[in-house]
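Engineer:
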Amino acid sequence: LEHDDMGEVTRAQVCDVLPRIQQILRDEHVDYMQEDLENLPNLMDSNHNDRISSSEFANAVLVKIDLGACMQELAFDVSLCKHMLGKMFSSMDKLLLLSSNRDRSLDMPLRRSVSSSPNSCAPTNVEP
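If you're matching positions, the sequence shown starts at 59 in the working numbering and goes up one per residue.
1. Put V67 into one of helix, strand or coil per three-state DSSP.
2. Check whether the segment 66–74 touches the segment 91–105, taking contact to mean three or more Cβ pairs, one atom from each stretch, closer than 8 Å.
3. What separation, rounded to the nearest whole angstrom, lies between the Cα atoms of L95 and P77?
4. Which first and last residues belong to the alpha helix (DSSP H) in which E93 is found?
5. Let me know if D103 comes out buried or exposed under the rule of 16 or more other beta-carbons within 10 Å of its beta-carbon.
6. Kindly identify the DSSP beta-bridge partner or partners of R109.
7. Using beta-carbon positions only, say whether G65 and S112 come within less than 7 Å of one another.
Next comes the structure, spelled out in structure tokens:
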């Protein structure tokens, strides 16, 4: 891109190179959303003067990269949490089922016996 004495380009110049940017992204197999690409000049022109400075360009690139990475990490973390919660709920369901089956199979109440060992809490079936 041709820039002026201040190192700035116009929004129109950025719009003109979007097809080239799109081709580079495709060639490099980079996932992107068409809407994000089309909104790039707006994102870059943070002070809305229809000119894009080198610092505005750099900030826009960093913001897009950072947000994309954060969103991917967030999506992964949410997916992992959902998976782990599913496993926990499955384990809890199994424990509840085992507990209800055990309670139905016992004719006697479950009580703790006094043991000679102070740390022993092993339950035993003792008739009342």
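Where is the CB? At the ideal position from N, CA and C, for every residue including glycine.
Structural biologist: On the basis of the coordinates in this document:
1. For this step, residue 67 is matched to residue 9 along the sequence shown. Note: V67 maps to strand in three-state DSSP.
2. yes
3. One-based indexing of the sequence shown puts residue 95 at position 37. One-based indexing of the sequence shown puts residue 77 at position 19. Using only the alpha carbons, I get a separation of about 9 Å.
4. To locate residue 93, count along the sequence shown from 1; it is residue 35. Where E93 is concerned, the enclosing alpha helix (DSSP H) stretches over Q92 to M102.
5. Translated into positions along the sequence shown, residue 103 becomes position 45. Label assigned to D103: buried.
6. The sequence position of residue 109 within the sequence shown is 51, counting from 1. Paired residues: T68.
7. By one-based count along the sequence shown, residue 65 stands at place 7. By one-based count along the sequence shown, residue 112 stands at place 54. In this structure, S112 lies closer than 7 Å to G65 by Cβ.
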